[in-house]
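J.:
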Amino acid sequence: MPDIVHLCYPGVGGQAAVATGLAIEGSRAGVSHGVVFYGIETTAPQYLQLCDAHDIEHMTIVKQPGFGLSARRQLAQTIRSMAPSIVVSHHHDTAVTVSALTLLGCSDDRPLRIFVEHHSNALKSKKDWLLSTLAHRSCDQTVFLTEAYRREVHAKIGRWLDFEKTTVIANGLDLSFYQPVDHGCDTSVIGMQGRMDTGKDFESLIRAFAIIAKGHQSLRLELIGDGPHRDRLEKLCRDLSIEARVNFTGFLKHEELIAHMSEWQIAVLMTDGETLSMAILEIWALALPLVSTRVAGVQDLVNDGVDALLVNPADVAALGETLLKLIQESDLAKSLGLAGRDRVLVEFNRQQIWQQYVELSSRVAPRLSHHLSTCVHDSRIS
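Per our numbering, residue 418 is the first one in the sequence shown, and the count goes up by one each step.
#1: Would you call F619 buried or exposed, if buried means 16 or more other Cβ atoms sit within 10 Å of its Cβ?
#2: On the three-state DSSP scale, how would you describe G443?
#3: What runs of the beta strand (DSSP E), each 3 residues or longer, lie entirely inside the segment 553–590?
#4: Between the alpha carbons of Q773 and I586, how many angstroms are there, rounded?
#5: My assumption, with CB atoms under 8 Å, is that L562 sits in contact with V570. Please give the rounded CB distance.
#6: What residues match up with Y455 in a beta bridge as DSSP calls it?
#7: What beta strand (DSSP E) runs, 3 residues minimum, are completely inside the segment 685–733?
#8: Kindly indicate which three-state DSSP category S542 falls into: helix, strand or coil?
#9: I'd like to confirm the pairing. Which residues does DSSP put opposite F810 in its beta bridges?
#10: Give me, in chain order, the residues of the same chain whose beta-carbon lies closer than 7 Å to that of V723; leave out the 5 immediate sequence neighbours on both sides.
#11: Tell me the rounded alpha-carbon separation between G616 and S537.
#12: Below 8 Å on the Cβ atoms is my contact criterion, and I expect I697 with L743 to pass it. Report the Cβ-Cβ distance as a whole number of Å.
#13: Would you call the CB atoms of M687 and L741 closer than 8 Å?
#14: In terms of residues, what are the limits of the alpha helix (DSSP H) holding L753?
#15: Starting from L674 and walking both ways along the alpha helix (DSSP H), at which residues does that stretch end?
#16: Report the three-state DSSP secondary structure of D649 (helix, strand or coil).
#17: Along the chain, where does the beta strand (DSSP E) that runs through R490 open and close?
#18: Identify the residues that DSSP records as bridge partners of F626: which are they?
#19: Would you call the CB atoms of V435 and T459 closer than 8 Å?
#20: If distances are taken between C-alpha atoms only, which option among L492, V429, H509 comes closest to P462?
#21: Distance, Cα to Cα, S800 vs R655?
#22: Straight-line CA distance for Y595 to P730?
#23: Assuming K670 and Q466 are in contact, meaning their beta carbons sit under 8 Å apart, how far apart are those beta carbons, in whole angstroms?
#24: M499 and G456 look like a contact to me (Cβ under 8 Å); what is the Cβ gap, rounded to whole Å?
#25: In angstroms with no decimal places, state the Cα-to-Cα distance between S506 and E639.
#26: Identify which residue in H423, E442, L529 has its Cα closest to the Cα of R767.
#27: Please report the straight-line C-alpha distance between F626 and E680, rounded to a whole angstrom.
#28: Hey, how far is the Cα of P528 from the Cα of Q494?
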């Protein structure tokens, strides 16, 4: 049975990437992990592949839209059968469900409940704010990805935020997977990855590409991911007569994702809001120049003009001009990419992030401190 179980949404995005990444890092340290993918989608193949490659127990629970009583019962049964010491919920919905479940058990049997807040404040509905607050109040500890995010939450919910139950731990990457891109090669590919749904503005990128592509016949656009907006985006490419120059890859396995991104000349993330974007961290890890949106969660992460260039939301003209600038100014593109790479090396190393979770768990639940330390020690000996 796993010592730690992560609960996360199964689609492409930060939740599943962070959950599987922490599970891998913890397993390497000798702490057994499990991952439960829970949501209305099937699990993206790259996360299943990563779990299988590292012998991490995993399960997918597909729920119907709405409350999904049957799926919640299955989730409850899964948690009981796994009997972990720690449950890390990467979504407010599962955090509330697990808290309700554990209230039915004896106090000695309750797992430590950690809620990791991934949802962009800028994109939260009233329902999201209510559930996030309830998740925070009902769990033992809430992890915020940035200090700026925690301040925003405090400004919104005031006294309902219990600072003693919060900590700030960033997302991180296993940098051994990412080698800096050779900017000396002229690949002429602009790329963006993400879920093709509300919150990600693939449309503005497509429209900007259609404008600049007229004067650059070798230029190509690659869009990695899938989602409910994909058909509409493909139709837009046909309407703009650029379908032959745009590659929709669908979901990719992890090594395929990195291989495709390594062929890009410029990476783009047009978004309506972020918390701490894994896509940005992956772009930086590959030393790619980044163009993104001047919105919450991005503008307080990047240094505009140093490790990224920012444009206003849905500003197609500005986006096109910025892309052209990077195509024409290779020194600027290289400088942005290397600055991003330096930041990932210093601030977002996944081994360091995992250790922060170990320290958090030991501090909040001293009864687990000896167990986690023993697991890590035994792993190092072996």
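Glycine residues also receive a C-beta, built at the ideal position from the N, C-alpha and C atoms.
T.: Let me spell this out:
#1: buried
#2: helix
#3: 558–561, 583–585
#4: 7 Å
#5: Actually they are not in contact, since the Cβ atoms of L562 and V570 sit about 11 Å apart, beyond 8 Å.
#6: According to DSSP, Y455 bridges with I478.
#7: DSSP runs (the beta strand (DSSP E)) wholly in the segment 685–733: 707–710, 726–728.
#8: coil
#9: A question about residue 810 goes unanswered here, because the residues of the chain that appear run from 418 up to 799.
#10: A756
#11: Whole-angstrom Cα-Cα distance: 10 Å.
#12: No, I697 and L743 are not in contact; Cβ-Cβ is about 16 Å, not under 8 Å.
#13: no
#14: 747–764
#15: 671–678
#16: A small fix is needed here, since residue 649 is Arg in this sequence, not Asp. Residue state, collapsed to three classes: helix.
#17: No beta strand (DSSP E) contains R490, which is instead part of the alpha helix (DSSP H) from 486–499.
#18: Partner(s): none; F626 has no beta bridge.
#19: Not closer than 8 Å, so no.
#20: V429
#21: Nothing about residue 800 can be reported from this structure: the residues present for the chain run from 418 to 799 only.
#22: 29 Å
#23: 5 Å
#24: Wrong, their Cβ atoms sit about 18 Å apart, outside the cutoff.
#25: Within the model, the alpha-carbon separation for S506 versus E639 is close to 32 Å.
#26: E442
#27: 17 Å
#28: 14 Å
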